[in-house]
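Worksheet: one structure, shown below.
Protein chains in written order, with our numbering: chain A, 11 to 122; chain B, 5 to 114.
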């Protein structure tokens, strides 16, 4: 199938904002997701956005959705060392069951 | 409420050996999934199940079999392990559109 794309690495300084970008493929996706994976752990759902929304804010997290360009971004304000992890973008495709398609993940490194 | 659990956490197999990975969830979710995670490739769906007694193929099903005899359990089997199956395996379950993941099983095939 077609791929969900993300850049693989991002480094920011503690206290700065991080912006992680994703391009997805299925214009009919109803939900788009951001997951966080810490070392040695499974994926944890961070936030999601319904496809009829442009923006969603949840404390330090802001999700922006540009449906025309099929572009999704996650902004983390005041990035902390505890935010260091891999962040996965995902879309849901309902061609069979509830099929979630994941990007390759962006490894965020937060420098002191 | 343990969420999604996976057994074992680590395993080393020789080429040609078989094994079964167990996933259990206590959230009464209908949907369950098996993924493999390889560096730089995100998660790829191996098999999934939309309810007890049902299974279906995902993106990369070859070399794997699954069974869902009980709603809370989803088993992933490797009949004859190959080095290409060295990976981290994640199980997940979902309700509505939200997925919950287990901690993963790291499998090495030598």
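The C-beta atom is built at its ideal place from N, Cα and C for all residues, glycine as well.
{"query": "Residue(s) in a DSSP beta bridge with residue 61 of chain A", "result": "Answer is none; residue 61 of chain A lacks a bridge partner."}
{"query": "Straight-line Cα distance separating residue 61 of chain A from residue 77 of chain A", "result": "8 Å"}
{"query": "Outcome for residue 89 of chain A when other beta-carbon atoms lying within 10 angstroms are tallied against a minimum of 16", "result": "buried"}
{"query": "Close beta carbons around residue 99 of chain B, own chain, < 6 Å, minus the five adjacent residues each side", "result": "33"}
{"query": "Neighbouring residues, chain B, relative to residue 114 of chain A (Cβ below 8 Å)", "result": "44, 45, 46"}
{"query": "For residue 7 of chain B, three-class secondary structure by DSSP", "result": "coil"}
{"query": "Residue of B:43, B:36, B:91, B:63 minimising C-alpha distance to residue 79 of chain B", "result": "B:36"}
{"query": "Collapsed DSSP secondary structure at residue 27 of chain A in the structure displayed", "result": "coil"}
{"query": "Within chain A, the residues that residue 105 of chain B reaches when beta carbons sit closer than 9 Å", "result": "45, 47, 51, 52, 53, 54, 55"}
{"query": "Helix, strand or coil at residue 53 of chain B [DSSP, three-state]", "result": "strand"}
{"query": "Residues that residue 109 of chain A contacts on chain B, provided the C-beta gap is smaller than 8 Å", "result": "49, 52, 62"}
{"query": "Cα-Cα separation between residue 48 of chain B and residue 12 of chain B, rounded to whole angstroms", "result": "20 Å"}
{"query": "Residue 88 of chain B in three-state terms, based on DSSP", "result": "helix"}
{"query": "For residue 92 of chain A, three-class secondary structure by DSSP", "result": "helix"}
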